[in-house]
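K.L.:
Before we start, here is the structure in question, set down as structure tokens.
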Amino acid sequence: MEILASRMLIRPVDYPKSVAFYRDQIGLAIAREYGAGTVFYAGQSLLELAGHGEPSGGGMPVGRAERRDVAAGRAERRDIALWLQVRDVHAAQAELADRGVTITRAAQEEPWGLHEMHVTDPDGILLIFVEVPPTHPLRRDVRN
63 MEILASRMLI
73 RPVDYPKSVA
83 FYRDQIGLAI
93 AREYGAGTVF
103 YAGQSLLELA
113 GHGEPSGGGM
123 PVGRAERRDV
133 AAGRAERRDI
143 ALWLQVRDVH
153 AAQAELADRG
163 VTITRAAQEE
173 PWGLHEMHVT
183 DPDGILLIFV
193 EVPPTHPLRR
203 DVRN
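Residues 63 to 206 in the working numbering are what the sequence shown spells out, letter by letter.
Set out below in structure tokens:
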């Protein structure tokens, strides 16, 4: 099987609020809008917010009522996170703070060598902004 493309699909509790968050506060550019959906560019991937129904046959790990609790600030999602690589995590943190985004965990170096900063979206989904330092193994050419 050949995978041709991929995207992350999120079905938010409050679609307009989530669109505003990703567009205005996080600063993602819109790739496409359709009816009740918005697709954002997210580096080499796409992030789609779908404001239309649930998938047939279920498939959502958290029920709509539980997601409403998350959106109301009464619960935290622990079943999913988005990993977003940036060039400079400290600059990204300052930019997001200037836009009014609450930084849930300030940028810091992790034991595994990455520099990470956390933000939570309106549905409680963890956004991990990551800087890969020049000396980290992810930057090494492993072809030789």
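C-beta: ideal position from N, C-alpha, C; glycine also.
By Cβ distance below 6 Å, which residues in the same chain neighbour GLU172 in space, the five residues on each side in sequence not counted?
P.N.:
GLU178
K.L.:
Whose CA, out of THR182, ARG69, PHE83, GLY97, lies closest to the CA of ILE165?
P.N.:
THR182
K.L.:
Looking only at C-alpha atoms, which of ALA104, ALA159, ALA168, TYR96 sits nearest to VAL148?
P.N.:
Measuring from the Cα of VAL148, the nearest candidate turns out to be ALA104.
K.L.:
On the DSSP bridge assignment, give the partners of ARG69 in chain order.
P.N.:
LEU108
K.L.:
Using a Cβ-Cβ cut-off of 6 Å (strictly less than) and excluding sequence neighbours within five positions of GLY89, which residues of its own chain qualify?
P.N.:
none
K.L.:
Distance check for ASP86 and ALA156, CA to CA, integer angstroms please.
P.N.:
Linking ALA156 to ASP86 through their CA atoms gives a straight-line distance of about 15 Å.
K.L.:
Rounded C-beta distance between VAL192 and VAL151? I'm assuming under 8 Å.
P.N.:
7 Å
K.L.:
If you draw a straight line from the C-alpha of LYS79 to the C-alpha of ALA67, how long is it?
P.N.:
Spanning the two alpha carbons is a distance of roughly 27 Å.
K.L.:
Quick one: is LEU146 buried, meaning 16 or more other Cβ sit within 10 Å of its Cβ, or exposed?
P.N.:
Buried is the call here.
K.L.:
What distance in whole Å lies between the Cβ atoms of ILE72 and LEU111, which are believed to be in contact at a cut-off of 8 Å?
P.N.:
5 Å
K.L.:
Quick check: what's the CA-CA separation for ALA159 versus MET63?
P.N.:
42 Å
K.L.:
Among ARG69, PRO74, SER107, which one has its Cα closest to the Cα of ARG139?
P.N.:
PRO74
K.L.:
In this structure, how does DSSP classify LEU200 when only helix, strand and coil are distinguished?
P.N.:
Helix at LEU200.
K.L.:
For ILE187, count the other beta carbons within 10 Å of its own beta carbon; 16 or more makes it buried, fewer makes it exposed. Which is it?
P.N.:
buried
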